[in-house]
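Trainee: My numbering numbers the first residue of the sequence shown as 1 and each following residue consecutively.
C-beta atoms are modelled at their ideal positions from N, C-alpha and C, and glycine is treated no differently.
Every value quoted in this text rests on a predicted model; they were computed, and no experiment measured them.
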Amino acid sequence: MRTSVIGYPRVGTLRELKFATEKYFRNEISADELQYTAKVIRKKQWLIQKNSGLDFIPSNDFSFYDTTLDTAVLFNIIPDRYVSLGVSVLDTYFAMARGYQGEAGDVKALAMKKWFNTNYHYMVPEIDDAIEWKLVGTKPFDEYEEAKAIGVETKPVITGAFTLLKLLRYVGSKTAEDYIEDVIKVYSHLLEKFQKLEVKWAQFDEPYLVHDLSGEDLHLFQTLYKGILSSKKDVKILLQTYFGDIRDCYKEVLAVDFDGVGLDFVEGKNTLKLVEKHGFADNKILFAGVVNGKNIWKNHYKETLDILKRIKGIETVISTSCSLLHVPYTLKNETKLPEKYTRHFAFAEEKLIELEELKSLSKCQETKADVFKANEALFQGRPDCNNVDVQERVKKISDSDFTRIPEFSVREEIQKEKFNLPAFPTTTIGSFPQTADVKANRTALRKGEITEEQYIAFNKEKIAQCVKEQEQLDLDVLVHGEFERNDMVEYFGEQLNGYLFTEKAWVQSYGTRCVKPPFIWGDVSRINSMTVKWSTYAQSLTKRWMKGMLTGPVTILNWSFPREDISLKESTYQIALAIRDEVLDLEANGIQMIQVDEAALREKLPLRKSDWYSEYLDWAIPAFRLVHSGVKAETQIHTHMCYSEFTDIIKAIDDMDADVITFEASRSDLLILDALKENNFKTQVGPGVYDIHSPRVPSVEEIKRALNKMLEKINPEKLWVNPDCGLKTRGVTETTASLKNLVDAAKELRNAEK
Ligand code: GLN
Ligand code: ZN
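1) With N117 and K604 assumed to form a contact (beta carbons below 8 Å), what rounded beta-carbon distance in angstroms separates them?
2) Assess, as a yes-or-no matter, whether the segment 315-323 is touched by the segment 342-360 under the definition of 3 or more beta carbon pairs within less than 8 Å.
3) Enumerated in chain order, which unbroken segments of the alpha helix (DSSP H) with a length of 4 residues or greater are wholly contained in the segment 20-71?
4) Can you tell me whether G493 sits near the ligand ZN, meaning its C-beta is under 7 Å from at least one heavy atom of the ligand?
5) What's the gap between the Cα of E198 and the Cα of A149?
6) Would a C-beta distance cut-off of 8 Å place M488 and D597 closer than the cut-off?
7) Thinking C-beta only, is T451 closer than 8 Å to W720?
8) Quick one, which of S214, A281, T735, V275 has its alpha-carbon nearest V256's?
9) If I228 and I296 are in contact, beta carbons under 8 Å, what's the gap, nearest whole angstrom?
10) Just confirm the distance between the C-beta atoms of A97 and M123, as a whole number of angstroms; I'd bet it's less than 8 Å.
11) Please give the ranges of any alpha helix (DSSP H) in the segment 453-508, keeping only runs that are unbroken, at least 4 residues long and fully inside the region.
12) Here's the rule I'm using: 16 or more other beta-carbon atoms within 10 Å means buried, otherwise exposed. How should K114 be labelled?
13) Give a yes or no on whether the C-beta atoms belonging to A745 and V697 are separated by under 8 Å.
14) Rounded to whole angstroms, how far is the Cβ of F162 from the Cβ of F221, which I believe are closer than 8 Å?
15) Counting beta carbon pairs with one atom in the segment 507-527 and one in the segment 322-340, are three or more of them shorter than 8 Å?
16) E461 to K373, Cα distance in whole Å?
17) Quick one: give me the first and last residue of the alpha helix (DSSP H) that Q415 is part of.
18) Considering only C-alpha positions, which residue in the set L308, I285, E339, L305 is nearest to E315?
19) Compare the beta carbon distance of V107 and G99 with 8 Å and say whether it is the shorter of the two.
20) Assign D80 to one of three DSSP states: helix, strand, or coil.
21) At what residues does the alpha helix (DSSP H) containing D523 begin and finish?
22) Runs of 3 residues minimum, wholly inside the segment 671-751: which ones carry the beta strand (DSSP E) assignment?
23) So the candidates are Q391, R247, K39; which of them puts its Cα closest to the Cα of T21?
24) Write down the C-beta distance between W545 and P517 rounded to the nearest angstrom, noting that I regard them as a contact closer than 8 Å.
25) Quick one: Cα of F265 to Cα of T304, how far?
26) Opposite G511 in the DSSP bridges: which residues?
27) Quick one: Cα of P606 to Cα of Q465, how far?
28) Three-state secondary structure (DSSP) at K185?
29) Among all residues, which have a Cβ less than 5 Å from at least one non-hydrogen atom of the ligand ZN, and in what chain order do they fall?
30) Can you give the beta carbon distance from T159 to V210, rounded, assuming they're within the 8 Å contact cut?
31) Compute every distance between the C-beta of M530 and the non-hydrogen atoms of the ligand GLN, then say whether any falls below 7 Å.
32) Taking the alpha-carbon positions, what's the S231 to T68 distance?
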């Protein structure tokens with residue numbers, strides 16, 4: 001058996017690419033210097049993969065921002081507003097990724113969306129009728145040759161034609177069907193080039209196939225590949241799927257002339273059944289995704305080998321279940337975690353070893369092998385993982401724990417009277433810019449260079465400045481600024497029992513943004529209050545309302561690496577009880593508005609609709625209610641989500657029973673508004689009026705336009721005015737300028753309403 005990896009992380013083991021790119025954005029290094037850093041990273045990891053013994057090594061899985069965007073640019077799917085900036089190819093690319101504001105013009109970034117059920121975000125390419133499909137880029141070829149030059153034969157990876165057409169945003173009158181011929185043409189060109197370069201295998205990523213597919217979808221898929229594969233000649237094509245099984249198109253996929261088909265045996269709960277029931281194709285190789293590309297636990301060899309035995313007789317390549325982009329680079333950089341824990345983990349580099357070990361185990365009488373025995377021993381139990389009190393508390397949760405009283409409409413009246421806010425109240429999502437001094441303060445504490453008192457004093461000073469600034473800006477509902485937080489999940493995880501932390505286990509979230517998800521190791525509980533001191537201090541500085549700021553249980557779970565030995569539901573309820581304790585603590589200490597962020601609520605929403613409720617929402621929404629059902633009627637519960645894609649789960653969102661919800665809307669055309677109206681959404685709403693993922697400053701007019709558009713669909717009594725997410729990644733100047741315009745826009749609107 002041979003081995004394959006679908007894709008490798010790309011920001012660099014120590015986030016070298018992130019830092020270089022950000023320097024480039026600040027004009028501190030040249031494009032050449034940035035390219036050089038990228039090249040060094042690619043070389044290093046190709047060699048690591050090669051030296052591990054890996055047989056199929058990916059190339060073109062590298063990206064300066066996002067591979068879907070790379071594919072769009074490769075095929076000339078570049079809206080004219082970016083082309084007409086007239087800047088370099090690289091800068092045009094970055095303008096699409098993050099907007100551009102400068103001498104050449106002022107354009108917003110493309111929309112950004114969650115990548116399937118992960119916390120990675122991709123750029124949504126946009127196509128209008130004027131765009132002509134053309135193979136204009138050389139990235140896949142360059143990278144293939146670059147690897148070859150250092151002696152590494154790679155399989156170029158590219159977004160598949162079907163997935164690309166499904167993910168595109170069509171802003172003209174044409175739809176996917178209208179582009180079939182163009183798409184066949186450009187992918188055929190791509191294959192011709194691969195042919196010339198003597199590429200042996202190319203990988204077409206088609207994760208979209210794991211969705212529920214319609215008849216038209218199937219037809220589109222078949223037509224595309226019939227056309228594209230007619231020009232493949234000697235290049236072998238691997239059709240790679242991941243994030244689930246392909247039960248809607250299994251037979252159809254096998255009927256197409258691919259040389260290899262990659263299936264996900266980890267998340268695809270029906271994959272094994274499909275293969276056993278329908279068999280496989282004689283002329284194809286099965287790339288079996290058995291090593292989890294999304295989680296950090298060691299592979300359980302016995303279970304994996306059992307799967308491989310059940311598909312014996314099929315020519316198989318042992319593969320990861322998805323790209324390793326979703327796990328950190330290597331355990332080697334973790335110097336602080338004791339070995340009793342680390343031996344249970346495998347990051348990208350360690351997964352390469354697992355592939356190699358599985359390869360050799362699959363060839364021998366495995367039970368006799370030492371690596372097999374050592375692996376078995378790991379699954380006999382883990383230290384420090386059980387807390388009987390927590391387990392009991394979860395068992396005792398009853399229906400009433402999920403219900404807040406009185407009901408929403410009664411609370412809304414009570415709160416209106418109590419808070420007495422102006423129309424269109426203004427607020428922010430919580431964080432203020434994490435400037436260098438804020439980060440340095442945290443680092444200094446971590447390194448023991450300052451005392452806890454000094455650390456706190458610094459943050460208090462920051463909070464005081466932040467409160468003062470918000471008062472000067474005349475925002476209505478204030479926040480403390482979250483200067484104490486490294487990250488919205490890690491911060492809480494660090495204070496909870498049951499969590500483990502890493503030093504360098506970064507994972508890309510989008511572009512240059514990385515997160516370091518904590519690991520849920522055991523049963524979770526709260527030790528002490530986590531935010532009360534910051535929030536009460538901030539409240540003591542102002543007469544305005546101060547929002548307490550917490551992260552919700554579903555998000556904490558979804559942005560952590562979860563356990564695999566108990567259910568996600570059980571872990572989430574444990575976390576919910578811990579956050580509930582904190583909510584009640586804040587309330588008892590005089591905080592009367594509490595925001596519980598569920599930024600990642602949608603993240604683990606199953607990709608197939610039929611599984612939405614039974615496998616996820618039926619416990620995720622109650623988990624949120626469990627957090628706030630204990631507060632008084634006059635305590636206002638806010639929540640925040642980082643995307644507007646909840647049109648289809650809008651009832652579930654309303655069922656969270658929060659009093660106010662803010663969410664991202666500016667990047668996705670405010671489509672959500674119709675859904676809010678149609679569904680008679682009861683919760684008050686603050687659809688973000690500008691995009692904080694980009695440094696550009698929105699004008700008052702622009703914000704007013706957005707608000708007026710919102711008012712067409714939203715009851716004015718229910719509308720809040722806020723940015724679309726926290727401001728932590730932004731600079732101070734643009735933040736102040738943007739918020740000033742935001743407040744001005746709200747005021748002008750108030751005056752207009754009078
Ligand atoms: N309160 C958090 C912040 O403002 C929310 C972040 C998020 O939604 N990702 O940073
Ligand atoms: Zn957000």
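Mentor: According to the structure data:
1) 6 Å
2) yes
3) The segment 20-71 contains these whole alpha helix (DSSP H) runs: 31-51.
4) no
5) 13 Å
6) Cβ atoms of M488 and D597: closer than 8 Å.
7) no
8) A281
9) Wrong, their Cβ atoms sit about 36 Å apart, outside the cutoff.
10) 6 Å
11) 490-493
12) buried
13) no
14) 5 Å
15) yes
16) Taken atom to atom, the span from the alpha-carbon of E461 to that of K373 is near 56 Å.
17) Where Q415 is concerned, the enclosing alpha helix (DSSP H) stretches over 408-419.
18) With distances taken between CA atoms, E315 lies nearest to I285 out of L308, I285, E339, L305.
19) yes
20) helix
21) Not the alpha helix (DSSP H): D523 falls in the beta strand (DSSP E), residues 519-526.
22) 684-687
23) K39
24) That pair is no contact at about 32 Å.
25) 9 Å
26) For G511, which the question treats as bridged, DSSP gives no partner whatsoever.
27) 43 Å
28) helix
29) A599, C642, C725
30) About 15 Å separates the beta carbon of T159 from that of V210, a gap too long to meet the 8 Å contact definition.
31) No, since every heavy atom of the ligand GLN falls outside the 7 Å radius drawn around the Cβ of M530.
32) 23 Å
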